[in-house]
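Taking it in order: structure first as structure tokens, then the write-up.
In the UniProt record's numbering, the protein residues as written are 1 to 176.
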């Protein structure tokens, strides 16, 4: 396939010649039939093509790049932008009722009677319920402003107070 001398390589050969020596917490994986390698953070399971220069951490790369990783539990009401969900075809509860429900969920979580993940899976009006409420990572400008402001104000592991958006009333859990 040719040598690994600088300047004599095409794109694929350059990737093939990357060193497999890497900082702790990373594994080199063969990603393509050509043998091209990618690098896997064994703590977060995130991958990248570039050779890592720092030891792996359990903080997802996206969080280190000005993004947050959050889960949420959404309770819609009749004045929500789209008053229907996977749970209910037509949502008729008032905004005040939705707030009372969210407050009840927050109490259950705070008292240890239920976990955030259990409640989000069973009761969230968002399709993220199938992922325990996990929204993944996002940066500024990706979510409705009140949601974004609350998410970025939280510390990792912190649960928000009720947050109102056009979608309904949320509890947000910052996970990274």
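Don't be surprised by glycine CBs; every beta carbon is placed ideally from N, CA and C. Keep in mind that this is a model prediction, so the values were computed, not measured.
Host beta strand (DSSP E) of residue 136 (start-end): As a working mapping, residue 136 is identified with position 136 in the chain shown. Boundaries of the beta strand (DSSP E) around residue 136: 134-138.
Three-way DSSP call (helix, strand, coil) for residue 160 in this model: The count along the chain shown starts at 1 and reaches residue 160 at position 160. In this structure, residue 160 counts as coil in the three-state DSSP scheme.
Can you give me the start and stop residues for the beta strand (DSSP E) that residue 172 sits inside? In the chain shown, the residue the question calls residue 172 occupies position 172. Segment 168-174, the beta strand (DSSP E) holding residue 172.
Can at least three beta-carbon pairs, one atom from the segment 73-83 and one from the segment 151-170, be found at a separation below 8 Å? Counting Cβ pairs under 8 Å, three or more are found: they touch.
Which word fits residue 125, buried or exposed, when buried means at least 16 other C-beta atoms lie within 10 angstroms of its C-beta? Indexing the chain shown from 1 puts residue 125 at position 125. Only buried fits residue 125, as 16 or more other CB atoms lie within 10 angstroms of its CB.
Candidates 52, 132 and 68, of which the one nearest residue 142 by Cα: Counting from one through the chain shown, the residue named residue 142 turns up at place 142. Comparing alpha carbon positions, the residue from 52, 132 and 68 closest to residue 142 is 68.
What residues match up with residue 41 in a beta bridge as DSSP calls it? Stepping through the chain shown from its first residue, residue 41 is reached at position 41. Paired residues: 26.
Considering only C-alpha positions, which residue in the set 153, 93 and 173 is nearest to residue 132? To locate residue 132, count along the chain shown from 1; it is residue 132. Cα-wise, what sits closest to residue 132 is 173.
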